[in-house]
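Here's the structure we're looking at; comments come further down.
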Amino acid sequence: MFIPVIGLEVHAELLTDSKIFCGCSAEFGGDHNTRCCPSCAGFPGTLPMLNKRAVEYAIRAGFTMNCDINKLTYWDRKNYFYPDLPTAYQVSQLYLPLCVNGKVDINVDGEGSKQIRIHQIHLEEDAGKLVHDDFNNVSLADYNRGGIPLIEIVTEPDFSNADEVKEFVEKISLLLQYAGVCECRMEQGQLRVDVNISLMRQGDEKLGTRAEIKNLNSIKSITRAIEYEIKRQTEILQNGEKVVQETRRFNENRGTTSSLRSKVDAHDYRYFPDPDIPAVTITQAELDSIREQLPELPDTRLERYIDEYKLTPVNAKILIADRAISDFFDEAVKSYNKPKSISDFIIVELLRRINLGELDANAIPFSAQEFARLVQAADEQKIAKNNAKTTLRYMIETGDSLDKIAEENGFWIKEDREKLVSTIDKILAENENVVAEYLAGEVKVFGYLMGQCTKALRGVCTPQSIKKELEDKLGKLK
Amino acid sequence: MDIKTISNLAELSQLDFNEEEVEKLSKELDTMVGMMGKIKQSDAKYECSANASSVDLDGLRADEAKPSMPTDELLANAQSADGYFVVPKVME
Amino acid sequence: MDITKLKLRQIRDMLDNGQISCKEIINAYIERIDDLDGDLPCFITRTSEMALEQASDADKRIANGDAGELTGIPLAISDNICTKGVKTTAGGKMLEDFVPPYDATIISRLNEQGAVLLGKTNLDEMGMSGSTKNSHFGNTSNPYNSADSTIGSAAGVAAGLFPAGIAADAGGTMTCPAANCGMASIRPTYGRVSRYGLIANASSFDQIGGIANDAHDLAILLGAIAGYDEFDRTSSTKATTDFTAKIGDSLKGMKIALPKEFYGDMVDDAVKEAVLSAAKQYEEMGADLIEVSIPSMEFAIPTYYIIANAEISSNLARYDGIKFGYRGEDIDSYEQLVKRSRTEAFGDEAKRRILLGNFVLSSDSYKDYFEKALAVKQKMMSEFTDVFASCDVILTPTNTVNSPVEGSVASYNSIYCAAPSSIAMLPSITTTCGYGDNGMPIGMSIIGRRFDEATIIGVADQFERGFNKILPALLGGR
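The listed protein sequences derive, respectively, from chains L, P and H. Counting in this note's numbering, the first sequence runs from 1435 upward without gaps. Counting in this note's numbering, the second sequence runs from 8 upward without gaps. Counting in this note's numbering, the third sequence runs from 2 upward without gaps.
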């Protein structure tokens, strides 16, 4: 019986304005080699200037994963040759990284809660990109991405299956988004996962030989790769052979992994402290300040939504899945304290439109307060439910205000007093028997009368108005 | 220093040497390593927290994007095509 | 009056007094260089045309009363300091055609001042030693002894080709040849002068300094280039002072330490004699001589080379023929390009250092060699701090011998006296204090506390006033 032992190295691109060691823009995209300077292109004589925000963001990430932050930290050179690395060394952290000894709790269906230990989180630089031109037999180097600040999250080998890994990657994506340090869009390469996987014979104390699978860029790839790799290694071991320690790549089309390097991967990176980058000291006050800037994290919000707001766990999970939505929800509830109403309207209507691509959760064209007003109006029947949905659609499409849309489209339920009085009179007249029963003491029949009036007066005025008027009239008849 | 060690170092250094050169190097490097090896006699202990210079978080560069170097200037000393640095095909 | 025998500050006076125009001065130097440089030669690249334009600008500024300390002063710069638009070779084939797209910070500062650049001077490949034996551009001879290989910035000042030269020092690569040429030179405190734009050799030791006829000139030169640079984060934010402030101060009561390790059998008798006689002069000026010990000197040489070679191996890894520099031909693959470019373009010494550097950083050797060297560096710094607790300055020889150094072992050992100020990050000033049997100049070094250049300049200057420097015939009496 073989037990999979899996550890991860996750790289996340930080949301800074400039690169880690120079002032070139860290914005995504741009024509190749237009976001470079002598420094990030590795020209002779250039030197690194460490980005303060990159360090702060790395510390934030550490806090979200319950790490200890080293108050003295420094950077090391990892030396190797590759055309996407202009200086032939990557500045990383080996000896004294920023964050150590963290933990992240995950919840796997059917397994319950599990704690994944974080070995360290360190701050390093990204390499450039290579485009392969097979026709001309050359590779083309673009250094725009070179120098983008990355954090590398290294876990202990605490995972035993693909589901746990999936949960973890989704969890830390959420944490990093909440911390505002990374958008974690795997398809854009903002989050990249390397998997280290080996099999251990049940009862053994020694870990098996591990293979590394690099650059998996979707959750699906990760789970497929792990499942394939477990199968592959199991077969090898069952045949009495040895697993080779190597780096492998995942083949999307075939769902298999294949060896990336033919020789045994014992590349000596000759790490040594980078003499161009002074060590950084961080005070407790600075750490406290950074921690204070962190927003309420997803787990805490989840608890609050369930315990305080009495939302269902399912709905609460949906809301916290995107920080922008959760923030929006909290803001809206501050305006109109009906969490259930607001959450329903967000989940059923707003999120639906977001998922359709009509708008971006990070760029909602109206305020949470405005949204809360809409929900309240619908609740109080100042707008009919269907019209409220339509109003939302128009708000998204046109960017116009709630008031403007409701006015222009006649959605406001105008309190037509005349019609109210005359309609009730009419219904009371048509239901003399029921009225008589009511006056005789049958309070129950009020509901029937109420129903008749509401049906007749739908869209004309609010149920509250109807009720009041009906009660008044019946009261006068007594 | 044996051939294998020199060969590994040459690989790490991305330098090629022929047989004759390796033999010559073997002697030269042996002498140098021997002299550098004298340091093993020191009982000094490295304290990573006692580094001469460190800077506070505040002393780091503010995160502001500045204009980059125009692409043609960047590529002026290189072999380029279409705004890219040209590299012969990577084998691995 | 032979203009080219003038000191920097004499030229300044004459320019400011309107006694002579900058154009005249520059023409005089150009003529002298045309006449004599061929026999040395000091220059890799002459920039006479640009120099005359700069001279013209300087004359205008001086006429407007807008001159700074270095306005119109002719200088030569070592060719490992990047000058925008002007070829910068670092003395090697690898960068033989490299034209930097940017200026080193000190060049920007000199340009702001309106200094005049006569050309880029010869140095050993990548600035690795204090001779030009390994320069791709041939040997530069000491104008007083053609058998002595030296650097262009030193030979040029000695031969009167320019009143001051700028070069980088690492373990004596500038101070040692300057001393052998009978010139004064200053290696500032590590961090005093920006390294941005200095093609990196040994990052922990590299520091740009100056060579001139005497300490007072050096003070003026240093004032123009010193100071914090945001592009070099190893540069110090400590405010620059007036480096001439202590010139003329009495040395009465000054405590001059003589560490016994500098006066033992690592140093030739003739050299020791010359320095000790200078010490006696200081005593007669009222200074107290104090014998001290710096036990780590036992490991000074291996400490220097281990760290230097390690850093060199990493700093030189960026030279692969892709972004800049020599590019091998008939290449089938990236791997072949890198190897061929480096193998064909680097000299033997550079290759040896790269191999040795990779050796000490290899995982098997790191702890015993590199980490140990870092430990000795820390210990040495602390020993120097202890000495400075009871002394003001330290007096040592500059070179260990007074004759040209032959062979790798002798070269290796020759840095014994110069290495410590690099290792301990301290400022040192060198000036002639005596002569060897053949009349060749012998230099002494005065080492100061960190950032205390003013004191060591004052101490050197006091000696120079009373010392009648008699140098051998220039270029064999031409």
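Quick reminder that beta carbons are idealized off the backbone N, C-alpha and C, glycines included.
Margin query: Using a Cβ-Cβ cutoff of less than 7 Å, which residues in the same chain neighbour leucine 1530 of chain L once the five nearest sequence positions on both sides are dropped?
Written below: Excluding residues within five positions, the ones whose Cβ falls inside 7 Å are Asn1504, Leu1506, Thr1507, Tyr1508.
Notebook entry, point to check: Quick one: does the C-beta of glutamate 1559 of chain L sit closer than 7 Å to a heavy atom of the ligand HEM?
Noted result: Summarising the ligand content, the structure contains no ligands, and the ligand HEM is consequently not present.
Notebook entry, point to check: Under 7 Å Cβ-Cβ, which residues of chain H neighbour threonine 1681 of chain L?
Noted result: The contacting residues do not exist; threonine 1681 of chain L stays about 17 Å from chain H at best.
Item checked: Selection from H/Ala160, H/Ile63, H/Gly93, H/Ser364 that minimises the alpha carbon distance to glutamate 32 of chain H -> When only C-alpha atoms are compared, the closest one is H/Ala160.
Next item on the list: Going by CA-CA distance only, name the one from H/Asn81, H/Ile424, H/Gly265 that's closest to alanine 91 of chain H.
Entry: Here the closest residue by C-alpha is H/Asn81.
Next item on the list: For cysteine 83 of chain H, go through chain L and note every residue whose CB falls closer than 8 Å to its CB, in chain order.
Entry: Annotation: Cβ neighbours of cysteine 83 of chain H in chain L (cutoff 8 Å, chain order): Pro1478, Gly1479.
Margin query: With distance defined between alpha-carbon atoms, name the residue in H/Asp369, H/Ala351, H/Thr84 nearest to glycine 44 of chain P.
Written below: When each option's Cα is compared against that of glycine 44 of chain P, the closest is H/Asp369.
Notebook entry, point to check: Helix, strand or coil for isoleucine 1437 of chain L per DSSP?
Noted result: DSSP places isoleucine 1437 of chain L in strand when its eight states are reduced to three.
Notebook entry, point to check: Can you name, in chain order, every residue of its own chain whose Cβ lies under 6 Å from the Cβ of asparagine 469 of chain H, other than the five neighbours on each side?
Noted result: None.
Next item on the list: Compare the C-beta of asparagine 439 of chain H against all C-beta atoms of chain P and say whether one is closer than 8 Å.
Entry: Cβ-Cβ to chain P under 8 Å: no for asparagine 439 of chain H.
Check: Along chain H, which residues have their Cβ under 7 Å away from the Cβ of isoleucine 46 of chain P?
Finding: Counting only Cβ-Cβ distances below 7 Å, isoleucine 46 of chain P has contacts in chain H at Phe300, Pro303, Thr304, Ile307, Tyr370, Lys373, Ala374, Val377, in chain order.
Checklist line | serine 147 of chain H versus H/Asn214, H/Leu199, H/Cys43, residue with shortest Cα-Cα distance | finding: Taking only the C-alpha atoms, the option nearest serine 147 of chain H is H/Cys43.
Notebook entry, point to check: Any Cβ of chain P within less than 8 Å of the Cβ of aspartate 1699 of chain L?
Noted result: Here aspartate 1699 of chain L scores only 48 on pLDDT, less than 50, and its place in the model should not be relied on; the value that follows carries that caveat. With respect to chain P, the C-beta atom of aspartate 1699 of chain L has no partner C-beta closer than 8 Å.
Margin query: Can you find the residues in the same chain that come closer than 7 Å, C-beta to C-beta, to lysine 247 of chain H, ignoring five residues on each side of it along the sequence?
Written below: Taken in chain order, the residues that qualify are Ala455, Thr456, Ile458, Gly459.
Checklist line | Cross-chain neighbours of valine 62 of chain P in chain L, by beta carbon under 8 Å | finding: Think of a sphere of 8 Å around the beta carbon of valine 62 of chain P: the chain L residues whose beta carbon falls inside it are Pro1712, Ala1713, Val1714, Thr1715, in chain order.
Next item on the list: List the residues of chain L whose Cβ lies closer than 7 Å to the Cβ of aspartate 67 of chain H, in chain order.
Entry: For aspartate 67 of chain H, none of the residues of chain L pass the 7 Å Cβ criterion, the least Cβ distance being about 30 Å.
Check: Does any C-beta atom of chain B lie closer than 8 Å to the C-beta of arginine 1579 of chain L?
Finding: The structure shown contains no chain B; its protein chains are L, P and H.
Check: Given proline 1482 of chain L, which residues of its chain have a CB within under 6 Å of its CB, disregarding the five upstream and five downstream residues?
Finding: When the five nearest sequence neighbours on each side are left out, the beta carbons in the same chain lying within less than 6 Å of the beta carbon of proline 1482 of chain L are those of Phe1455, Asp1710, Ile1711, in order along the chain.
Check: Going by the CB atoms, is the gap between alanine 225 of chain H and threonine 241 of chain H shorter than 8 Å?
Finding: Taking a C-beta distance under 8 Å as the contact criterion, threonine 241 of chain H and alanine 225 of chain H do not qualify as a contact pair.
Notebook entry, point to check: Starting from aspartate 1597 of chain L and walking both ways along the alpha helix (DSSP H), at which residues does that stretch end?
Noted result: In the DSSP assignment, aspartate 1597 of chain L falls within the unbroken alpha helix (DSSP H) covering 1596–1612.
Note to self: For the pair the segment 337–352 of chain H and the segment 129–144 of chain H, tell me if three or more CB-CB distances fall below 8 Å.
What the structure shows: Short answer: they touch.
Margin query: Between leucine 1442 of chain L and valine 1629 of chain L, how many whole angstroms is the CB-CB distance? I'm expecting something under 8 Å.
Written below: With 8 Å as the limit, leucine 1442 of chain L and valine 1629 of chain L qualify as a contact, their Cβ atoms being about 6 Å apart.
Notebook entry, point to check: Nearest-angstrom Cα distance between lysine 31 of chain P and leucine 356 of chain H?
Noted result: Taken atom to atom, the span from the alpha-carbon of lysine 31 of chain P to that of leucine 356 of chain H is near 13 Å.
Margin query: Counting C-beta neighbours from all protein chains within 10 Å, is the total for isoleucine 78 of chain H 16 or more, i.e. buried, or is it exposed?
Written below: That one is buried.
Margin query: For asparagine 1796 of chain L and arginine 1487 of chain L, I'd like the C-alpha separation in whole angstroms.
Written below: If you draw a straight line from the Cα of asparagine 1796 of chain L to the Cα of arginine 1487 of chain L, it comes to about 21 Å.
Notebook entry, point to check: Looking at C-alpha atoms only, which residue of L/Met1634, L/Glu1905, L/Ile1552 is the closest neighbour of leucine 1862 of chain L?
Noted result: With respect to the C-alpha of leucine 1862 of chain L, the residue from L/Met1634, L/Glu1905, L/Ile1552 having the closest C-alpha is L/Glu1905.
Item checked: Per-residue DSSP class, three states only, for aspartate 1638 of chain L -> Aspartate 1638 of chain L falls in the coil class under three-state DSSP.
Item checked: Identity of the residue in H/Ile443, H/Gly173, H/Ala168, H/Leu71 nearest cysteine 418 of chain H by Cα -> It is H/Gly173.
Note to self: Could you check whether the Cβ of phenylalanine 44 of chain H sits closer than 8 Å to any Cβ belonging to chain L?
What the structure shows: No - not a single Cβ of chain L is within 8 Å of the one on phenylalanine 44 of chain H.
Margin query: Is it buried or exposed, lysine 1512 of chain L, if we count other Cβ atoms within 10 angstroms and call 16 or more buried?
Written below: That one is buried.
Notebook entry, point to check: How big is the Cα-Cα spacing for glutamate 299 of chain H and tyrosine 1703 of chain L?
Noted result: Note on geometry: alpha-carbon atoms of glutamate 299 of chain H and tyrosine 1703 of chain L lie some 30 Å from one another.
Next item on the list: For isoleucine 1776 of chain L, I'd like the list of residues in its chain whose CB is within less than 6 Å of its CB, leaving aside the five on either flank, ordered along the chain.
Entry: So the qualifying residues of the chain are Ala1766, Val1767, Val1809.
Next item on the list: Using a Cβ cut-off of 7 Å, pull out every chain H residue sitting near phenylalanine 1706 of chain L, in sequence order please.
Entry: Here the neighbours are Ala311, Leu362, Phe371.
Next item on the list: Using the Cα positions of glycine 1496 of chain L and alanine 155 of chain H, report the straight-line distance between them to the nearest angstrom.
Entry: Taking the straight line joining both Cα atoms gives about 53 Å.
Next item on the list: Compare the Cα-Cα distances from aspartate 1638 of chain L to each of L/Leu1793, L/Asp1741, L/Pro1773, L/Phe1436 and report the closest residue.
Entry: Per the Cα distances, L/Phe1436.
Item checked: Unbroken beta strand (DSSP E) run spanning arginine 33 of chain H, endpoints -> First-last for arginine 33 of chain H: 23–37, but that is the alpha helix (DSSP H), not the beta strand (DSSP E).
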